[in-house]
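Under our numbering, the letters of the sequence shown match residues 145 to 510, in that order.
We put the CB at the ideal spot given by N, CA and C, even for glycine.
Everything on this sheet refers to the single structure shown next.
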Amino acid sequence: MYARRAERLAPTLPASVPAGTIGFDSGHAFPGVLPDLTREAERALTRYRAETLQYAPRAGLPDLRAWMAGYTNPGLTPEHILVTNGAKHALELVCRLLIDEGDTVAVTAPTYFSAIPILKSFGVRFVEIPQDEDGLDIAGLDTVPKFIYNVPDFHNPTAVTMSLERRQALIAFAERHGIVVVEDSPYREVRFEGALPPSLKSLGGDTVIHLGTFSKLMAPGLRIGWVAAPPPMIAKMAQLKTDAGSCPLTQRIILEFLAADRLSEHIKLVQATYRSNRDHMVAAIEREMPSASFVEPHGGYYVWLTLPEGTNGDHVAACAAENGVAIIAGSKFFANPGPKHHVRLAFSHATHEEIDEGVRRVAAAF
Ligand SMILES: Cc1ncc(COP(=O)(O)O)c(C=O)c1O
145 MYARRAERLA PTLPASVPAG TIGFDSGHAF PGVLPDLTRE AERALTRYRA ETLQYAPRAG
205 LPDLRAWMAG YTNPGLTPEH ILVTNGAKHA LELVCRLLID EGDTVAVTAP TYFSAIPILK
265 SFGVRFVEIP QDEDGLDIAG LDTVPKFIYN VPDFHNPTAV TMSLERRQAL IAFAERHGIV
325 VVEDSPYREV RFEGALPPSL KSLGGDTVIH LGTFSKLMAP GLRIGWVAAP PPMIAKMAQL
385 KTDAGSCPLT QRIILEFLAA DRLSEHIKLV QATYRSNRDH MVAAIEREMP SASFVEPHGG
445 YYVWLTLPEG TNGDHVAACA AENGVAIIAG SKFFANPGPK HHVRLAFSHA THEEIDEGVR
505 RVAAAF
């Protein structure tokens, strides 16, 4: 009955987490950093009503495309930008543009777990690339895929950032073989310390398709992101986008927020909040789970725990759930079957008290 792309997918959605559970699982924003957009929404619905309650231009509001172009990389123009319903939607459009069933896509092992079903639904075969503290190591890839997908800044789930040398080697590989790199970088501004190397887009130009999002910059519920690519690709992706344009009301609310010059102050709040949550979670893990190892995150939302060899992270996650704390088993982050002795803990959403209590319960489960 089902099409092949649906056959490959799980028959049910994951069960929702029971009320009262401490949430270390999802990449939800901390409630205290969700911006008050009342004024922006009111202006969008009054002054801009004729725009915000109509169909939008399919590629997005011109002013927002212009902002996204400048923000992604100076030198890009609005024609390089397609506004999407978030970065995941942007990845889906890239797949619709580039993937035929059976094509190979390269991802890190582990990789962003929500990217896996998107890629799977297009019938891709995965090839995995190893990574270490310097990020994805292209020297470990021995085939030429259709494209390489990566999260180079504060990688989800491992939190590692690609070094400049690794970025240059990745771009050189892609240029040599005439393929593209898909750069998914939602956490670049969620930085706690240190400087980041230049983005892949700024190093690789047209060799890189960049996915952007307001989910971590402002709020995930806005569901606005973008894809930055050469204009002919944007023109085709705009035709493959079947929603008649992302919501213009939300786009205008974001433009009003930007026009009021609130973004930089907001990013400072985001950084301070998540830095303090990171500090709290790292201290709790060191206190409660001394045999777990991890790379301290310098940005992003997550700690990737390596448990002693032989530990089953699936069981740890199941026991943690019974103890009232939601975490994600590391096995979910491998496109092909992978090691089991990891779990991912998000520090973005919980309070300090919940972090202390939650890590105690994860340690008990472990
Ligand atoms: C690697 C990665 N990409 C993208 C996103 C966000 O996607 P979206 O813009 O669809 O909310 C996340 C959020 O968790 C992420 O971790």
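- The distance from the Cβ of A372 to that of G356 is about 7 Å, consistent with a contact at the 8 Å cut-off.
- Counting C-beta atoms within 10 angstroms of its own C-beta, M377 has 16 or more neighbours from the protein chains shown and is therefore classed as buried.
- The stretch 201 to 213 makes no contact with the stretch 326 to 344, as fewer than three CB pairs between them are under 8 Å.
- Approximately 6 Å separates the beta-carbon atoms of W370 and L226; this is inside 8 Å, confirming the contact.
- DSSP places A490 in no alpha helix (DSSP H) but in the uninterrupted beta strand (DSSP E) bounded by 486 to 490.
- Residue environment for M212: buried (at least 16 other C-beta atoms within 10 angstroms of its C-beta).
- Annotation for A250 indicates a beta carbon at 7 Å or more from all heavy atoms of ligand 1.
- Selection S492, G322, E333 evaluated against P296 yields E333 as nearest (Cα-Cα).
- Between the stretch 458 to 478 and the stretch 407 to 420 there are fewer than three inter-stretch CB-CB distances shorter than 8 Å, so the stretches are not counted as touching.
- With respect to the C-alpha of R488, the residue from T386, Y256, H354, A313 having the closest C-alpha is Y256.
- Annotation: D247 is outside any beta strand (DSSP E) and is labelled neither H nor E by DSSP.
- In the DSSP assignment, G356 falls within the unbroken beta strand (DSSP E) covering 352 to 357.
- Only residues of its own chain outside the window of five on either side were considered, and among them S307, R310 have a CB closer than 6 Å to the CB of D278, listed in chain order.
- Taking 8 Å as the cut-off, the beta carbon of V251 is found closer than this to the beta carbon of E272.
- Assignment of beta-bridge partners to P218 by DSSP yields L220.
- DSSP places V324 inside the beta strand (DSSP E), whose first and last residues are 324 to 328.
- In the three-state reduction of the DSSP assignment, F257 falls in the coil class, being assigned neither a helical nor a strand state.
- Counting along the chain, E272 sits inside the beta strand (DSSP E) bounded by residues 269 to 273.
- With a cutoff of 8 Å on beta-carbon distance, H410 and W448 are scored as not near each other.
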